[in-house]
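Novice: One structure is given below, represented as structure tokens, and several questions about it will come after.
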Amino acid sequence: SINCREGFLLQGQGIITCNPDETWTLTSAKCEKISCGLPTHVENAITRGVHYQYGDMITYSCYSGYMLEGSLRSVCLENGTWTSPPVCRAVCRFPCQNGGICQRPNACSCPDGWMGRLCEEPICILPCLNGGHCVAPYQCDCPPGWTGTRCHTAVCQSPCLNGGKCVRPNRCHCLSAWTGHDCSRKRRPG
């Protein structure tokens, strides 16, 4: 029986027999070094190493602006595979906010509703009205006297009576028969 040394794989028939004339049967068996093939490609990294057989090692280094996570080396194993390669993650000098992800060096990818270099600016597709400010995605912070998603609804401390409508802070628009700041006084004819 033919056995190969560690790191080698038997190719061909692995058994030879002693013939009656005291010679061995012919064999084409060979021990070939185990190959792992090309190493795993790592995004944003340079791979160094040109031999890809059992016991060989390659090294990875990340491009500028990326940080290596995991081992910087990968080794060709006896089973013909490489040990786990590292990952090169983008580095953002200032952290991304509001669930943003550092996608490229110093560039955040923002979730829906946020924009800006660090995802720090909320997006209000419809503008805030009456002096309101966009404070979160699709959410306005309203000044006193206004409410609603866009600060579009006036607030009257006293409710408008007799069918009147609040049109500005503490200002009612009264039906023709009524008057006063809250439409509580009957208009005099004439």
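The sequence shown maps to residues 1 to 190 in UniProt numbering.
Note that beta-carbon positions come from the ideal geometry of N, C-alpha and C, so glycine has one too.
Keep in mind that this is a model prediction, so the values were computed, not measured.
1. In this structure, what does DSSP give as the bridge partners for aspartate 141?
2. At a cut of 8 Å, does the segment 51-68 reach the segment 24-34 through at least three beta carbon pairs?
3. Does the segment 170-186 come close enough to the segment 130-143 that 3 or more CB-CB pairs lie under 8 Å?
4. Note down, in chain order, each residue of its chain lying with its Cβ closer than 8 Å to the Cβ of serine 184, except the 5 sequence neighbours on either side.
5. Using a Cβ-Cβ cutoff of less than 6 Å, which residues in the same chain neighbour cysteine 151 once the five nearest sequence positions on both sides are dropped?
6. Using only the alpha-carbon positions, how far apart do serine 81 and leucine 126 sit?
7. Tell me which residue opens and which closes the beta strand (DSSP E) that cysteine 166 is part of.
8. Have a look at Gly180, Ser74 and Asn44 and flag the residue whose alpha-carbon is nearest the alpha-carbon of serine 64.
9. In the DSSP assignment, what are the bridge partners of glutamate 32?
10. Going by beta carbon distance, what residues of the same chain come within less than 6 Å of asparagine 98, once the five residues before and after it are set aside?
11. Helix or strand or just coil, what does DSSP make of histidine 173?
12. Straight-line CA distance for leucine 38 to threonine 23?
13. So what's valine 91 in DSSP terms, helix, strand or just coil?
14. Assign glutamine 53 to one of three DSSP states: helix, strand, or coil.
15. Below 6 Å CB to CB, which residues in the same chain sit around isoleucine 2 once its five sequence neighbours on both sides are set aside?
16. Quick one: Cα of glutamate 6 to Cα of valine 87, how far?
17. Check the C-beta distance from proline 105 over to tyrosine 66 and give it rounded, since I have them as a contact under 8 Å.
18. Going by DSSP, what residue range makes up the beta strand (DSSP E) through valine 75?
19. Candidates Ile58, His41 and Val42: which alpha carbon is nearest glycine 49's?
20. Tell me where the beta strand (DSSP E) around threonine 47 begins and ends.
Specialist: Reading off the structure:
1. The partner list for aspartate 141 (beta bridge, DSSP) reads His133.
2. Output reads yes: the segment 24-34 touches the segment 51-68.
3. Verdict: no, contact absent.
4. For serine 184, where only same-chain residues beyond five positions count, the Cβ hits under 8 Å are Leu161, Asn162 and Trp178.
5. Cys128, Leu129, Asn130, Gly132, Cys140 and Cys142.
6. The displayed chain sequence assigns threonine, not serine, to residue 81. One C-alpha to the other measures close to 55 Å.
7. From DSSP, the beta strand (DSSP E) with cysteine 166 extends over 165-168.
8. Checking every option, the nearest Cα to that of serine 64 belongs to Asn44.
9. Beta-bridge pairing by DSSP links glutamate 32 to Leu9.
10. Within the same chain, asparagine 98 has close Cβ partners Trp114 and Cys119.
11. Residue state, collapsed to three classes: strand.
12. Spanning the two alpha carbons is a distance of roughly 42 Å.
13. Reduced to three states, the DSSP call for valine 91 is coil.
14. Glutamine 53 falls in the strand class under three-state DSSP.
15. Only Gly14 and Ala29 meet the Cβ criterion.
16. Distance between the alpha carbons of glutamate 6 and valine 87 is about 30 Å.
17. Right, their Cβ atoms sit about 7 Å apart.
18. For valine 75, the enclosing beta strand (DSSP E) has its first and last residue at 73-75.
19. Minimum Cα-Cα distance from glycine 49 among the listed residues Ile58, His41 and Val42 corresponds to Ile58.
20. Segment 45-48, the beta strand (DSSP E) holding threonine 47.
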